[in-house]
Amino acid sequence: MARTTSTQEGTVVGTVGRLVRVRTEEGERDCQLVGKRAVIGDRVRVRDGQGAGAIEEVLPRRTELRRADPGGRPQVIAANLDGLLITASAANPPMHAPLVDRYVLASREADLEPIICLTKVELGVSDEVAAALAVRARLGFTVLYTSALRGDGVGEVRGRIEAGGAWALVGPSGTGKTSLAQALLPEIAVGAVGALSEHDRMGRHTTTASTLFPLGAGWLADSPGIRTFLPDVLDAEQVARRFPGVDDPPCRYRDCLHRDGEDGCAAPDTVDPAMLDSYRRLIAEILATRARARPSSSKPSGPKRRRG
Ligand SMILES: Nc1nc2c(ncn2[C@@H]2O[C@H](COP(=O)(O)OP(=O)(O)O)[C@@H](O)[C@H]2O)c(=O)[nH]1
Ligand SMILES: [Mg+2]
Ligand SMILES: [Zn+2]
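For the sequence shown, the positions run 999 to 1306 when the numbering used here is used.
The structure is reproduced here in structure tokens:
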């Protein structure tokens, strides 16, 4: 019987520029993106065509992981995820706890489960790193000690993914995301490892692409490392209510941002100093981004003015 429909549903498992790789019941195919941007994890409807197919429709998203770009505009990174595997290395590069907390905040905003993965533990875990992670664990966040090199924790991470859901590895470049993905998926070539892997010889970023791999009942995506991460929560008051460890009102003033030196604010006595430091850094960056995004009367001197 001739097929009367020429569209299929599928999941975006990879993106490279304006080409997206879609997995349908019949296999994987590359598709042209027309109109709305599709991101990894999106459910899409694909129209058959000569050669590459075309994305006809991006279906409604169950979850959206977003970041704010340097101008403060929201940018969707991935769709329909269930959890984040937030990497920070025990050494080389040293752990930067405030960045971990930002990913935890982003996962909370997107309704994703955060799992903090300390990587490279065979290099040794300093007392400061262990103490910083213990603070996050006391707040109720899962912390796993892993080493892609020696195998520590890999089975536990795999167990979480295999149980179901779509998980993305996120964290700074060099923290071992690709190595951990490779340890989790030994039979698949997941991507290049190492400092230079994210650039080709021309110095361009090559891993703007990410790929979603099946693992048991779940899915795993590696992601290109980024130097910093600003969650798409540019409302300082909202951050004050939602930041991990600060969300239990730390002082009696409803509109207090708990900044350093705020009159009568009890936050320094009620909030863990590590979390307060993380929180205050984010608030400072949000206020600075806001100021950049909405310059007052003076017109910016740059030639490009983009619509916001
Ligand atoms: N000692 C040690 N080095 C690791 C481990 N995992 C990754 N590395 C190294 O850390 C560097 C960055 O790894 P990569 O997986 O590319 O990190 P990514 O940028 O987060 O994807 C590479 O030189 C890896 O060989 C580990 O468990 N132990
Ligand atoms: Mg990588
Ligand atoms: Zn306060």
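Cβ coordinates follow ideal geometry from the N, Cα and C atoms, glycine included.
Please read these numbers as outputs of a predicted model, since none were measured by experiment.
Closer than 7 Å to some heavy atom of ligand 2: that describes the Cβ of Lys1175. Assignment of beta-bridge partners to Pro1072 by DSSP yields Ala1066.
Between Ala1187 and the set Leu1083, Gly1163, Ala1215, Ala1219, the nearest pair of CA atoms involves Ala1219. Using a Cβ distance threshold of 8 Å, Asp1080 and Gln1073 do not count as a contacting pair.
Distance from the CA of Leu1167 to the CA of Glu1024, rounded to the nearest whole angstrom, comes to 27 Å. With a cut-off of 7 Å, the C-beta of Glu1260 is classified as near ligand 3, since at least one heavy atom of the ligand falls inside that distance.
The residue from Cys1263, Thr1287, Val1244, Thr1013 with its alpha-carbon nearest to that of Tyr1251 is Cys1263.
DSSP links Gly1008 through a beta bridge to Val1042.
Set against 7 Å, the gap from the CB of Tyr1101 to the closest heavy atom of ligand 3 is not smaller. Boundaries of the alpha helix (DSSP H) around Glu1154: 1152–1160. Per the coordinates, the alpha-carbon of Val1127 lies some 43 Å from the alpha-carbon of Leu1031. When secondary structure is reduced to three states using DSSP, Glu1126 falls in the helix class. Measuring C-alpha to C-alpha distances from Gly1259 to each of Ala1095, Asp1245, Asp1246, Leu1274 identifies Leu1274 as the nearest.
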